[in-house]
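Colleague:
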Amino acid sequence: MTDLSNEKKPELVQEMFSKIAFRYDLMNRFMTAGQDVLWRKWVIQKTNLPEKGTLLDLGAGTGDLAREALRQHPNSRPVAADFTIEMMRVGRAKHQNNDKILYWTAADATSLPFPNHSFDAVVSGFLLRNVVDIPTCLAEQFRILKPGGHMVALDTTPPPKNLLTPFMQFHLHTIIPTLGKILTGQQEAYHYLPDSTEGFLHPEQLAVRLTEAGFENVKFQRLMFGAIAIHWGVKAK
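Read in our numbering, the sequence shown has 2 at position 2, and its numbers run on one by one without any break.
Here it is, written out as structure tokens:
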């Protein structure tokens with residue numbers, strides 16, 4: 001079992017993602033059978049981003065969501081923010097020719113370096129389960145959103161108990177760590193994934209946290225047999 005204690009978690013997460021940065025995108029494709037590409041398209045679609053809108057990709061990693069925003073909205077102004085520098089370096093190196101209108105910045109998700117009402121949308125992909133203080137993280141997203149702005153979060157979630165449970169357990173605890181060892185040489189990082197998934201909030205619980213943070217019209221959709229969820233909400237005008 002991976003040590004997920006609050007005291008050690010930020011350092012653990014930062015060190016772990018630094019080690020797997022060079023194969024992070026490839027592992028995502030393998031683990032999800034390429035479905036994560038489609039999920040990111042849905043995330044951006046749910047932002048209702050206006051023409052020339054501003055978007056923050058929080059916990060951006062290699063910047064996939066920010067680039068998807070540019071694909072769907074070429075005139076948008078996305079910012080990719082992460083607290084793991086190596087992930088952002090990999091992202092910039094892989095897409096040097098496309099980064100002229102994509103801004104990058106180091107940022108802590110619980111203390112964002114942006115003024116109030118800065119963005120039309122805030123999105124995240126597989127961020128929230130890695131955050132120690134979820135209420136503060138959501139409060140910061142609410143603060144920097146413009147009135148009427150949308151937040152959309154894609155993340156893993158504890159799979160429901162049903163007939164598929166043995167297969168999901170095998171995938172989480174055997175297939176994923178084995179793939180992680182083969183592709184990245186960092187098997188422990190991919191023990192962290194199932195541990196953090198099973199220890200995370202259920203979709204209904206996370207929806208309550210969004211409402212408590214001030215978001216309205218909060219909804220969510222389960223994907224991949226309940227192991228993935230997309231949540232979204234709006235900051236009232």
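Glycine included, every Cβ here is placed at the ideal spot set by N, Cα and C. Please read all numbers here as calculations on a predicted model, not as lab measurements.
1. Are the CB atoms of G59 and F142 nearer to each other than 8 Å?
2. Applying the 10 Å Cβ sphere with the 16-neighbour rule, what's the burial state of I182?
3. If we require 3 or more residues per run, which beta strand (DSSP E) segments fall completely within the segment 39-95?
4. Whole angstroms are fine: how far does the CA of T156 sit from the CA of E51?
5. Check whether the Cβ atoms of M87 and T47 lie closer than 8 Å to each other.
6. Roughly how many whole angstroms lie between the Cα atoms of I85 and A107?
7. Excluding five sequence neighbours on each side, which residues of the same chain lie with their C-beta closer than 6 Å to the C-beta of D3?
8. Taking the beta carbon of T245 as the centre, do at least 16 other beta carbons fall within 10 Å, making it buried, or is it exposed?
9. For M1, collect the residues of the same chain with a Cβ closer than 7 Å to its Cβ; drop the 5 residues on either side in sequence, then sort them by chain order.
10. Just confirm the distance between the C-beta atoms of A81 and L56, as a whole number of angstroms; I'd bet it's less than 8 Å.
11. Relative to the C-alpha of L49, which residue among H150, K19, R129 is closest?
12. For the alpha helix (DSSP H) holding F119, just list the boundary residues, first then last.
13. Could you spell out where the alpha helix (DSSP H) holding T165 opens and where it closes?
14. Beta-carbon within less than 7 Å of Q14's beta-carbon, same chain only, minus the 5 sequence neighbours each way: which residues are those?
Modeller: Quick answer:
1. No, Cβ-Cβ distance for G59 and F142 is not below 8 Å.
2. By the 10 Å Cβ count, I182 comes out exposed.
3. Those beta strand (DSSP E) runs which fall completely within the segment 39-95 and span 3+ residues are 54-58, 77-82.
4. Looking at the two C-alpha atoms, the distance is approximately 30 Å.
5. Judged by beta-carbon spacing, T47 lies beyond the 8 Å limit of M87, meaning their Cβ atoms are not closer than that value.
6. Roughly 10 Å separates the two Cα atoms.
7. Residue confidence is low: D3 scores 49 on pLDDT, short of 50, so the model does not pin down where it sits. Its coordinate-derived value is still stated next. Nothing listed; no residue qualifies.
8. Not covered by the structure: residue 245. The range shown for the chain is 1 to 237.
9. Residue placement at M1 is poorly supported in this model, since its pLDDT is 43, which falls under 50; the coordinates are not used for a value here.
10. Yes, A81 and L56 are in contact; Cβ-Cβ is about 6 Å, under 8 Å.
11. Looking at H150, K19, R129, the one whose alpha-carbon comes closest to that of L49 is H150.
12. Taken as a continuous stretch (DSSP letters only), F119 belongs to no alpha helix (DSSP H), being part of the beta strand (DSSP E) at 119-125.
13. 165-170 is the span of the alpha helix (DSSP H), which, as asked, contains T165.
14. In its chain, beyond the 5 residues on either side, F83, T84 have a beta carbon closer than 7 Å to the beta carbon of Q14.
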